[in-house]
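Asks:
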Amino acid sequence: MGSSSIVNSWTEWGTLELICVGTAEGMCYPDETPSYPWHTGSSNMRPYIRAISGRRPRRCIDQAQAQLDNLTELLRAESIVVANSMDEIFDNNIAQVMTRKQSSIGPNTLENTNGKIIQKSKIDVCRPLKASEEEPLCFNHQLSTPHFKSQYQFGLACPRDVLITLGDTVLEAPTSVHTRYFESEYYKPLLYSLWKRDSNMKWLQPPKPTCSPIKMFHDVDFWEKLNTKDYNKITFANSGYKTNLNENEIAFDAADMMRMGKDVFYKKSASANNEGLYWLRRTFPHLRFHMLHFPTDGSYHLDASLVPLRPPTSGSHGLVLINQDYPPLASEMKLFTDND
């Protein structure tokens, strides 16, 4: 086992060194779940179609995969470039320039040149592994546990939904969505690779939820009775931020959290309950977990509503991106505005 520290990430804005980019291969429209309506048709279509599920069209998969592959190549292309001026960089082929996202400019320390170093440390990129070339990734086979059956799973496009790094700890999220129940299993080869190379790495998973429609949810027919738009705009805040997910088990997705050093923000949502927050606070007492409430958005995941982009420094204010359609409570925004 290696002794050097590899897993060490505390924020959403730190310099990237190693990143996992997902894949669109084999993706499906998953089964309907009482957690949140994935692809439920409008109410007037209910007599004819309950929900869209099944394999995604090949055209959609190819388009999504092309975008993920391009992101991977952009990340891999970041490296150190030495130039005498910014003009020298942009005198080159613009297409080549755009494939390099340079991040900083500093004085060149070499004695025999008066140039500038435009630098970005190289980023290592890893991808989910398929079993073999003969066995492509596939998510349209039935899975069964004592608590549920699922014919279609989501896929592996979004690693950050199910995995998060909190300092030196990789955390597997206890998702409440049965169509993503085994998703983190596909990342185990990558995680074991890190585990064997980094003797300081910790690897945790909360108690595995049952994803039982009866045990974990208030009403298995919740989305049959409620329009999604009405739920977000009216029902969610008026009900005391109550979702169909109950408090019987620990549940959250990794994307329900955003990291800002020792302060971690947690969205009360359709996929994250209070028990999840309690577990995090007990398990990571050295971190400060803050619950955020979004009165007009009871859907999944904090990254659709709030993303921290940079911390405050002596020369600039901190920057947090807020979705203007789904702002948090004004009282909770003060934590950002008062510490800018």
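Under our numbering, residue 348 is the last one in the sequence shown; the count climbs by one each step, no gaps.
Every residue, glycine too, gets a C-beta built ideally from N, C-alpha and C.
The structure presented is a predicted model; accordingly, all values stated were derived computationally and were not measured.
Go through its chain and collect everything with a Cβ distance to Gly269's Cβ below 7 Å, but skip five positions before and after it.
Replies: Your numbering for residue 269 matches position 261 in the sequence shown. Taken in chain order, the residues that qualify are Trp18, Thr19.
Asks: Using only alpha-carbon positions, find the residue among Tyr195, Tyr160, Pro154 that is nearest to Ile172.
Replies: Within the sequence shown, numbered from 1, the residue matching residue 172 stands at position 164. Cα-wise, what sits closest to Ile172 is Tyr195.
Asks: Enumerate, from N- to C-terminal direction, the unbroken beta strand (DSSP E) stretches of 3 or more residues contained entirely within the segment 166–203.
Replies: Complete beta strand (DSSP E) runs here, min 3: 171–174, 177–180.
Asks: Do Trp21 and Leu317 count as a contact pair if the criterion is CB distance below 8 Å?
Replies: Locating residue 317 in the sequence shown gives position 309, counting from the first residue. Locating residue 21 in the sequence shown gives position 13, counting from the first residue. Yes, the pair counts as a contact, with Cβ atoms nearer than the cut-off.
Asks: Enumerate in chain order the residues of its own chain whose CB-to-CB distance from Asp132 is below 6 Å, with the five nearest sequence positions on each side excluded.
Replies: Against the sequence shown, residue 132 aligns to sequence position 124. Contacts found: Leu26.
Asks: Could you tell me if the beta carbon of Trp287 falls within a distance shorter than 7 Å of some heavy atom in the ligand MG?
Replies: Ligands in the displayed structure: none, and consequently the ligand MG is not present.
Asks: Around the Cβ of Val228, are there at least 16 other Cβ atoms within 10 angstroms (buried) or fewer (exposed)?
Replies: As a position in the sequence shown, residue 228 is number 220, starting the count at 1. It counts as exposed.
Asks: Which two residues bound the contiguous beta strand (DSSP E) that contains Met265?
Replies: Here the question's residue 265 lines up with position 257 in the sequence shown. It spans 265–268 - the beta strand (DSSP E) in which Met265 sits, taken as one unbroken run.
Asks: Going by alpha carbons, who is nearest to Gln73 out of Thr177, Gly34, Tyr308, Gly326?
Replies: Sequence index remark: in the sequence shown, residue 73 carries index 65 (1-based). If we check each option's Cα against that of Gln73, Gly34 comes out closest.
Asks: In three-state DSSP terms, what is Cys36?
Replies: Position 28 of the sequence shown holds residue 36. Note: Cys36 maps to strand in three-state DSSP.
Asks: Give me, in chain order, the residues of the same chain whose beta-carbon lies closer than 6 Å to that of Asn1; leave out the 5 immediate sequence neighbours on both sides.
Replies: Absent from the structure is residue 1, since the part of the chain shown begins at 9 and ends at 348.
Asks: According to DSSP, simplified to helix, strand and coil, what is Glu20?
Replies: Mapped onto the sequence shown, residue 20 falls at position 12. Glu20: coil per DSSP, three-state reduction.
Asks: Within 10 angstroms of the Cβ of Glu191, are there 16 or more other Cβ atoms? Answer buried if so, exposed if not.
Replies: Counting from 1 along the sequence shown, the entry for residue 191 is found at position 183. Buried, by the Cβ-count rule.
Asks: Within 10 angstroms of its Cβ, does Glu283 collect 16 or more other Cβ (buried), or is it exposed?
Replies: Locating residue 283 in the sequence shown gives position 275, counting from the first residue. That one is buried.
Asks: Would Pro410 and Leu179 qualify as a contact pair, given that the criterion is a beta-carbon distance under 8 Å?
Replies: Coverage of the chain is limited to positions 9 through 348, which leaves residue 410 absent and any answer about it impossible.
Asks: Put Leu295 into one of helix, strand or coil per three-state DSSP.
Replies: By 1-based counting over the sequence shown, the position of residue 295 is 287. The answer is coil: DSSP assigns Leu295 none of H, G, I, E or B.
Asks: What separation, rounded to the nearest whole angstrom, lies between the Cα atoms of Cys28 and Ala85?
Replies: As a working note, residue 28 is residue 20 in the sequence shown. As a working note, residue 85 is residue 77 in the sequence shown. Looking at the two C-alpha atoms, the distance is approximately 15 Å.
Asks: If we ignore side chains and look at the alpha-carbon of each, how far apart do Cys146 and Glu81 end up?
Replies: Your numbering for residue 146 matches position 138 in the sequence shown. Your numbering for residue 81 matches position 73 in the sequence shown. Approximately 24 Å between the Cα atoms of the pair.
Asks: With H, G and I counted as helix, E and B as strand and the rest as coil, what does DSSP make of Tyr334?
Replies: Translated into the one-based positions of the sequence shown, residue 334 becomes position 326. The answer is coil: DSSP assigns Tyr334 none of H, G, I, E or B.
Asks: Which residues does DSSP pair with Leu164 in a beta bridge?
Replies: Reading the sequence shown from its first residue, position 156 is the one you call residue 164. According to DSSP, which records beta bridges pairwise, Leu164 is partnered with Thr31.
Asks: Whose CA, out of Ile222, Asn331, Ala278, lies closest to the CA of Ser43?
Replies: On the sequence shown, residue 43 is found 35 positions in, with the first residue counted as 1. Ranking the options by Cα distance to Ser43, first place goes to Ala278.
Asks: Can you confirm whether the segment 239–250 touches the segment 259–269 when touching is taken to mean that 3 or more C-beta pairs between the two stretches lie within less than 8 Å?
Replies: Touching, no, given that fewer than three Cβ pairs across the two stretches are closer than 8 Å.
Asks: If contacts are defined as beta-carbon pairs under 8 Å, then His309 and Ala263 qualify, I think. What distance do you get, rounded to the angstrom?
Replies: In the sequence shown, counting from the first residue as 1, residue 309 sits at position 301. In the sequence shown, counting from the first residue as 1, residue 263 sits at position 255. Going by Cβ atoms, the distance from His309 to Ala263 rounds to 4 Å, so yes, they are a contact pair.
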